[in-house]
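Undergrad:
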Ligand code: SF4
Ligand code: SF4
């Protein structure tokens, strides 16, 4: 049996706990257990805290990694921001012994030490590498019959030098996972474009930030896409709640249901819309996603 | 200290070669052409790099510096391997130290000092968590006060609290004149 330390971050547990419930349910179905990381904090957001003060960013991120190391477990995350922060911090500490020493010096009192002996993974990697497309396909009991727009977000793939998931201009991992549920992943204009939330733009310039989102949603609508599937809790907030904000600010309505990848897979495995928290999203599910 | 030296100092975390790479920019403009933010605002990535090369300190107070979403598209495509997004983060660090941190950003930072989370929990989500069979309060700094203390120790050590202007007596942000 495989176990992961589930790093929750902020938006998953504090805004979209349906993502948390869906992730645990889907992983359990395939014999993968998740464990709490007691006392974990904000990752902290790579583009936001990294922009304010890189030293504070590295120390807080390193602390989160060390808490999982203490359990001897690899980390799984359900947010590109969390993944981005922890994976980058881990990468830096593995490459730079002087920073590792500095971190350890700072946490000596608390009995924490960075060793560099675990991996920080994104949920996409766990679904794709540990479970695999074939097993996911075999387990489908309620196939999804819908045209889907895949939204990869930015920090799972980039910077590719640090992430190591290959060419960030032509990824297929999310499309393959979507199609394993029976759905069709439809290409659309600027598919790999950012949702607009990152780097502190959502907090500081909501109007511009939502303009990114609006463009993506319009490009999806143009292709007859019926639902957005994302891989990041922050993108998820931007695409789901963002549609309400877009309506208020610009008077435009898209009404595109937004699901996190484990929520889509959860539906295909026979879990109900309610069990996956989908009935509590800002944009209501259409019949394609109601079970 | 010159702007270049200050940027290099930020290389202590990201690596000196990384933050130094703005020096080899050849002003081709591929970054601007790739930038989703530049499509909808007057923000021009190439111009920012150009001004850094010229040692132009007005970049630090320019709101355009905060238009980047850190999407890394330019970083991936730059033919000279200028680590643009990392450079932007480093320059923003300098701007923040000089007091050019916007109110919404100070607020986000203060949430982490107060709760350990940039986006803290609310009653609506607590209720939803319960309905989903999850513990009402997540097993994070929200549940463990000693963990929150550990985060507070860090921000005191790095003087992050002073930089954002967090007042420990009132547990809120000090009033600041807009810069
Ligand atoms: S793409 Fe690179 S070389 Fe070209 S202008 Fe931008 S930073 Fe300079
Ligand atoms: S990382 Fe920033 S500057 Fe570069 S393309 Fe993205 S938004 Fe533009």
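Chains as they are written, first to last, in the numbering used here: chain A, 1 to 291; chain B, 1001 to 1179.
Ideal Cβ placement from N, Cα and C applies to all residues, glycine included.
(1) CB of residue 50/A to nearest heavy atom of ligand 2: below 7 Å?
(2) Roughly how many angstroms separate the alpha carbons of residue 1044/B and residue 165/A, rounded to a whole number?
(3) Using DSSP bridges, identify the partner residues of residue 40/A.
(4) Do residue 1060/B and residue 1090/B count as a contact pair if the criterion is CB distance below 8 Å?
(5) Can you tell me the Cα-Cα spacing of residue 1165/B and residue 1147/B, whole angstroms?
(6) Counting only runs that start and end within the region 138-221 of chain A, where is the alpha helix (DSSP H) found for 4 or more residues in a row?
(7) Of the residues 176/A, 169/A and 110/A, which one's Cα is nearest the Cα of residue 125/A?
(8) Between residue 1041/B and ligand 2, is there a pair consisting of the residue's CB and a ligand heavy atom that are separated by less than 7 Å?
(9) Would you tell me roughly how many angstroms separate the C-alpha atoms of residue 61/A and residue 40/A, rounded to the nearest one?
(10) Residues in the same chain with beta-carbon distance under 8 Å from residue 291/A, minus the five sequence neighbours each way, listed in chain order, please.
(11) Using 8 Å as the cut-off, can you tell me whether the region 185-197 of chain A makes contact with the region 91-110 of chain A, which would need three or more C-beta pairs spanning the two stretches below that distance?
(12) Rounded to the nearest angstrom, how far is the Cβ of residue 181/A from that of residue 283/A, given a contact under 8 Å?
(13) Cβ atoms of residue 30/A and residue 135/A: under 8 Å apart, would you say?
(14) Compute the beta-carbon to beta-carbon distance between residue 203/A and residue 234/A, rounded to the nearest angstrom, for a pair I have assumed lies under 8 Å.
(15) Can you find the residues in the same chain that come closer than 6 Å, C-beta to C-beta, to residue 1064/B, ignoring five residues on each side of it along the sequence?
(16) Taking just the CA atoms, how far does residue 1169/B sit from residue 236/A?
(17) Across which residues does DSSP place residue 1076/B in a beta bridge pair?
(18) Answer yes or no: the CB of residue 208/A versus the heavy atoms of ligand 2, is any distance below 7 Å?
(19) Run the CB neighbour count on residue 1055/B, radius 10 Å, all protein chains shown included, and call it buried at 16 or more, exposed below.
(20) Can you list, in chain order, every residue whose CB sits closer than 7 Å to a heavy atom of ligand 2?
(21) Give the residues of chain B in contact with residue 36/A, contact being defined as C-beta atoms less than 7 Å apart.
(22) Is the region 1092-1106 of chain B in contact with the region 1023-1036 of chain B, if contact means three or more CB pairs nearer than 8 Å?
(23) What residues match up with residue 4/A in a beta bridge as DSSP calls it?
(24) With 8 Å set as the bound, which would you pick, yes or no: does the beta-carbon of residue 272/A sit closer than that to a beta-carbon of chain B?
(25) Can you find a C-beta in chain B that's less than 8 Å from the C-beta of residue 193/A?
(26) Does the region 42-55 of chain A come close enough to the region 80-92 of chain A to have 3 or more Cβ pairs within less than 8 Å?
(27) Could you check the C-alpha separation between residue 281/A and residue 256/A for me, to the nearest Å?
(28) Please determine whether the Cβ atom of residue 1053/B lies at a distance below 7 Å from any heavy atom of ligand 1.
(29) Is any heavy atom of ligand 1 found at a distance shorter than 7 Å from the C-beta of residue 168/A?
(30) Which residue from 1153/B, 1143/B, 1157/B and 1006/B puts its Cα closest to that of residue 36/A?
(31) Are the region 3-22 of chain A and the region 1129-1144 of chain B in contact at 8 Å, needing three or more beta carbon pairs?
(32) Please check if any C-beta of chain B sits within less than 8 Å of the C-beta of residue 56/A.
(33) For a test of your reading of the model: does the CB of residue 1082/B fall under 7 Å from any non-hydrogen atom of ligand 1? Yes or no.
(34) Would you mind listing the alpha helix (DSSP H) stretches within the region 96-128 of chain A that are 4+ residues and don't spill past its ends, in chain order?
(35) Do residue 1161/B and residue 1113/B have their C-beta atoms within less than 8 Å of each other?
TA: This is what the structure gives:
(1) In the first chain, residue 50/A corresponds to position 50, counting from 1. Of the heavy atoms belonging to ligand 2, none sits nearer than 7 Å to the Cβ of residue 50/A.
(2) For the purposes of this step, residue 1044/B is taken as the residue at position 44 of the second chain. For the purposes of this step, residue 165/A is taken as the residue at position 165 of the first chain. About 29 Å.
(3) As a working mapping, residue 40/A is identified with position 40 in the first chain. Beta-bridge partners of residue 40/A (DSSP): 1140/B.
(4) As a first step, residue 1090/B is located in the second chain; it is residue number 90 there, counting from the start. As a first step, residue 1060/B is located in the second chain; it is residue number 60 there, counting from the start. No; because the gap between Cβ atoms is not below 8 Å, this pair is not in contact.
(5) Within the second chain, numbered from 1, the residue matching residue 1165/B stands at position 165. Within the second chain, numbered from 1, the residue matching residue 1147/B stands at position 147. In this model, residue 1165/B and residue 1147/B are separated by some 22 Å (Cα to Cα).
(6) Whole alpha helix (DSSP H) segments, 4+ residues: 160-163, 173-179 and 201-204.
(7) Stepping through the first chain from its first residue, residue 125/A is reached at position 125. Nearest option by C-alpha distance: 176/A.
(8) Within the second chain, numbered from 1, the residue matching residue 1041/B stands at position 41. Relative to ligand 2, even the nearest heavy atom lies 7 Å or more away from the CB of residue 1041/B.
(9) As a working mapping, residue 61/A is identified with position 61 in the first chain. As a working mapping, residue 40/A is identified with position 40 in the first chain. Going from the Cα of residue 61/A to the Cα of residue 40/A covers about 10 Å.
(10) Here residue 291/A corresponds to residue number 291 of the first chain, with the count starting at 1. Cβ neighbours of residue 291/A beyond the five flanking positions: 142, 267, 270, 271, 272 and 273.
(11) At 8 Å Cβ cutoff, the stretches do not touch.
(12) Taking the first chain and counting its residues from 1, the one referred to as residue 181/A is at position 181. Taking the first chain and counting its residues from 1, the one referred to as residue 283/A is at position 283. About 19 Å separates the beta carbon of residue 181/A from that of residue 283/A, a gap too long to meet the 8 Å contact definition.
(13) Walking along the first chain from the start, residue 135/A turns up at place 135. Walking along the first chain from the start, residue 30/A turns up at place 30. A contact, by the Cβ cut-off of 8 Å.
(14) One-based indexing of the first chain puts residue 203/A at position 203. One-based indexing of the first chain puts residue 234/A at position 234. Residue 234/A and residue 203/A do not touch by the CB rule: their CB atoms are close to 11 Å apart, not below 8 Å.
(15) By one-based count along the second chain, residue 1064/B stands at place 64. Closer than 6 Å at Cβ, skipping near neighbours: 1043.
(16) Mapped onto the first chain, residue 236/A falls at position 236. Mapped onto the second chain, residue 1169/B falls at position 169. Cα to Cα, the separation comes out at about 36 Å.
(17) If you number the second chain from 1, residue 1076/B lands on position 76. None; residue 1076/B has no bridge partner.
(18) Here residue 208/A corresponds to residue number 208 of the first chain, with the count starting at 1. No, the beta carbon of residue 208/A sits no closer than 7 Å to any heavy atom of ligand 2.
(19) Start at 1 with the first residue of the second chain, and residue 1055/B comes out as number 55. It counts as exposed.
(20) Listed by chain position, these are 194/A, 199/A, 1031/B, 1034/B, 1035/B, 1036/B, 1037/B, 1038/B, 1045/B, 1068/B, 1069/B, 1070/B, 1071/B, 1072/B, 1073/B, 1074/B, 1075/B, 1084/B, 1085/B and 1088/B.
(21) One-based indexing of the first chain puts residue 36/A at position 36. Taking a Cβ-Cβ threshold of 7 Å, the residues of chain B close to residue 36/A are 1139, in chain order.
(22) Of all C-beta pairs linking the region 1092-1106 of chain B to the region 1023-1036 of chain B, fewer than three are shorter than 8 Å, placing the two stretches out of contact.
(23) The residue given as residue 4/A occupies position 4 in the first chain. The partner list for residue 4/A (beta bridge, DSSP) reads 34/A.
(24) Reading the first chain from its first residue, position 272 is the one you call residue 272/A. Under the 8 Å criterion on CB atoms, residue 272/A is classed as non-interfacial with respect to chain B.
(25) Within the first chain, the letter at position 193 stands for residue 193/A. Answer yes: the Cβ-Cβ gap between residue 193/A and chain B drops below 8 Å somewhere.
(26) With the cut-off at 8 Å, the region 42-55 of chain A and the region 80-92 of chain A touch.
(27) As a first step, residue 281/A is located in the first chain; it is residue number 281 there, counting from the start. As a first step, residue 256/A is located in the first chain; it is residue number 256 there, counting from the start. Cα to Cα, residue 281/A sits roughly 11 Å from residue 256/A.
(28) Within the second chain, residue 1053/B is the residue found at index 53, counting from 1. Flag unset: Cβ of residue 1053/B not near ligand 1.
(29) Walking along the first chain from the start, residue 168/A turns up at place 168. The answer is no for residue 168/A.
(30) Sequence index remark: in the first chain, residue 36/A carries index 36 (1-based). Restricting attention to 1153/B, 1143/B, 1157/B and 1006/B, the CA atom closest to the CA of residue 36/A is found in 1143/B.
(31) Yes, they touch.
(32) What you label residue 56/A is simply residue 56 of the first chain in a count that begins at 1. For residue 56/A, the answer is yes, since a Cβ of chain B falls inside 8 Å of its Cβ.
(33) Numbered from its first residue, the second chain carries residue 1082/B at position 82. Shortest gap from the CB of residue 1082/B to any heavy atom of ligand 1: under 7 Å.
(34) Within the region 96-128 of chain A, the runs of alpha helix (DSSP H) at least 4 residues long that lie entirely inside it are, in chain order, 97-107.
(35) Numbered from its first residue, the second chain carries residue 1161/B at position 161. Numbered from its first residue, the second chain carries residue 1113/B at position 113. A contact, by the Cβ cut-off of 8 Å.
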